[in-house]
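Numbering (our numbering), first residue to last: 4 to 127.
Here you go:
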């Protein structure tokens, strides 16, 4: 897998019997940096990248929007001081049941009138 970044920087990932090889370059002319890791270490690196991407996304100023509860979808992130992500939406006539999940992994369900405005930081 290859990922091209800005200004000629990039990353190449290859997998084989010996594990995972990550090759990174900061520009087309720069020497490559190579990292070899076991499958377990590669999973740890992937998890750390996902956490860092989430933190960076939360730190960015976002274009906040408001949608009606009936328009919520999985992955929408609520505009609040704590991160809450929509896990499930179930319409029950004039009521919408929304299951939220926190960054800590806690889940809970709330009922809303279908037309209730919900502020979002990010659409899923």
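No residue lacks a Cβ here, since even glycine has one placed at the ideal position from N, Cα and C.
Identity of the residues DSSP links to residue i by a beta bridge
i: residue 113; result: 101
i: residue 87; result: 105
i: residue 5; result: 15
i: residue 94; result: 99
i: residue 36; result: 27
CA nearest to the CA of residue i, picked from the options
i: residue 58; options: 111, 80, 30; result: 80
i: residue 42; options: 66, 78, 25; result: 25
i: residue 111; options: 46, 40, 87, 82; result: 87
i: residue 121; options: 76, 36, 70, 113; result: 70
C-alpha distance - residue i paired with residue j, whole-angstrom precision
i: residue 18; j: residue 68; result: 41 Å
i: residue 115; j: residue 51; result: 35 Å
i: residue 6; j: residue 61; result: 23 Å
i: residue 84; j: residue 45; result: 32 Å
i: residue 104; j: residue 40; result: 32 Å
i: residue 8; j: residue 98; result: 45 Å
i: residue 3; j: residue 107; result: Look at the range of the chain in this structure, 4 to 127, and you will see that residue 3 is not part of it.
i: residue 21; j: residue 123; result: 44 Å
i: residue 113; j: residue 82; result: 16 Å
i: residue 53; j: residue 76; result: 21 Å
i: residue 47; j: residue 89; result: 25 Å
Residue i and residue j closer than 9 Å at C-beta
i: residue 119; j: residue 72; result: yes
i: residue 12; j: residue 30; result: yes
i: residue 15; j: residue 27; result: yes
i: residue 78; j: residue 126; result: yes
i: residue 100; j: residue 109; result: no
Boundaries of the alpha helix (DSSP H) in which residue i is found, first to last residue
i: residue 59; result: 42–62
Residue interval of the beta strand (DSSP E) (run including residue i)
i: residue 24; result: 22–28
i: residue 123; result: 120–125
The ligand GDP heavy atom lying under 8 Å from the CB of residue i
i: residue 16; result: The ligand GDP is absent from the structure shown, which contains no ligand whatsoever.
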